[in-house]
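J.: So that we are looking at the same thing, I have put the structure below in structure tokens.
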Amino acid sequence: MSIRPQYARAIMAGRKKYELRRIHGVPPIEEGSIIIVYASGNVKSIIGEFQAKRVIQATPEKIWSIASKPGSGVGEDAWQYIRGAKRAIAIEVGFRRLYERPVTLEEIRRIIPGWNPPFSYTILEPGNPIYELLIKRLRRRQHQL
Numbered sequence: 001m002s003i004r005p006q007y008a009r010a011i012m013a014g015r016k017k018y019e020l021r022r023i024h025g026v027p028p029i030e031e032g033s034i035i036i037v038y039a040s041g042n043v044k045s046i047i048g049e050f051q052a053k054r055v056i057q058a059t060p061e062k063i064w065s066i067a068s069k070p071g072s073g074v075g076e077d078a079w080q081y082i083r084g085a086k087r088a089i090a091i092e093v094g095f096r097r098l099y100e101r102p103v104t105l106e107e108i109r110r111i112i113p114g115w116n117p118p119f120s121y122t123i124l125e126p127g128n129p130i131y132e133l134l135i136k137r138l139r140r141r142q143h144q145l
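Under the UniProt record's numbering, the residue at position 2 of the sequence shown is numbered 2, and the numbers go up by one with no gaps.
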């Protein structure tokens, strides 16, 4: 899942409790799924992962009423992002793993030439090279939070 650096850091630090997404043509995220965090922007690295503790699918208004509570770490900019969508999701952050060393886009492309991070997110199927070549190795050197 591609996440702006400031929000990726907030998730990994435990300050952001929900990640909000518009729903548009990608398979749904299921509760219990492991979300691989690609920090976009100037970071351009896979930095860790978190468990989708709970996934709520609803109208943007309903999602906002759930995810914008004090202490959730979700700001007004998240509302600007989901408003106007027909449906949105709130992914509640469960356990988190911060990888000991981020893996940069440049490093990923040395292993998987031409790889691009997803615009929003993608589902990694068994045998996917990102999972097989990178994530399994990263998990051996990580900090569970």
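Built from N, CA and C at the ideal position, the CB exists for glycine as well.
Small disclaimer: the values here were computed from a predicted structure and weren't measured.
Name, in chain order, the residues that DSSP records as bridge partners for S2.
T.: DSSP, once it has assigned bridges, lists Y38 as partnering S2.
J.: Pull up the DSSP beta-bridge partners for R87, would you.
T.: Answer is none; R87 lacks a bridge partner.
J.: Classify S65 as buried or exposed, calling it buried when 16 or more other Cβ atoms lie within 10 Å of its own Cβ.
T.: Exposed is the call here.
J.: Taking only three categories from DSSP, how would you classify residue 146?
T.: Given that the chain is displayed from residue 1 to residue 145, the structure contains no residue 146 and the question cannot be resolved.
J.: Could you spell out where the alpha helix (DSSP H) holding R21 opens and where it closes?
T.: Here R21 belongs to no alpha helix (DSSP H); instead the beta strand (DSSP E) covers 18–22.
J.: If you compare alpha carbons, which of A78, V93, G84, Q80 is closest to V55?
T.: Comparing Cα positions, the closest option is V93.
J.: Quick check on DSSP: helix, strand or coil for P129?
T.: Here P129 sits in helix by DSSP.
J.: Pull up the CB-CB distance for L134 and I108, whole angstroms please, since I reckon it's below 8 Å.
T.: Their Cβ separation, rounded to whole angstroms, is 7 Å, which keeps L134 and I108 in contact under 8 Å.
J.: According to DSSP, what are the bridge partners of I48?
T.: Here residue 48 turns out to be Gly, not Ile, going by the sequence shown. The partner list for G48 (beta bridge, DSSP) reads V37, L98.
J.: Going by beta carbon distance, what residues of the same chain come within less than 8 Å of S120, once the five residues before and after it are set aside?
T.: Closer than 8 Å at Cβ, skipping near neighbours: M1, S2, R21, R22, H24, V26.
J.: What is the DSSP secondary structure of I108, counted as helix, strand or coil?
T.: Helix at I108.
J.: Span of the alpha helix (DSSP H) holding W64?
T.: Here the alpha helix (DSSP H) through W64 covers 60–67.
J.: Please report the distance separating the alpha-carbon of Y7 from that of K16.
T.: When rounded, the distance between both Cα atoms is 7 Å.
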